[in-house]
Amino acid sequence: MSLVELLVILLISLGIFDKSKIIQYYQKIINFQKGQNRQIIGDTSINENWIWVDKDEEE
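Residues 1 to 59 (the numbering used here) are what the sequence shown spells out, left to right.
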C-alpha cells in the first residue's frame, strides 16, 4: 500500500474527506486517462435500412 492510499484511507475514516467526492474525483481521473469519449446523441435510426419511395411509384 502506498503512502497516498494510506493517507486517503485515514482521512476518510476520520471523516475529513467525503467518500462520494473522492469517488467522483477518481472517476474523473479514470475518464481523463482513457482519452476522448465520443457519444452518440439522439436515436439510432442512422443504422436502420432506409427505403426511399420514388415519385413514379406514387402515381
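We put the CB at the ideal spot given by N, CA and C, even for glycine. Note that the coordinates shown come from a computational prediction; the quantities given were computed from them, not determined experimentally.
*Starting from N31, follow the alpha helix (DSSP H) in both directions and report where the run begins and ends.*
19–34
_My output table needs one value for L11: the three-state DSSP class, helix, strand or coil._
helix
*K28 to I22, Cα distance in whole Å?*
10 Å
*For Y26, which residues from the same chain have a beta carbon less than 8 Å from its beta carbon, with the 5 sequence-adjacent residues on both sides left out?*
none
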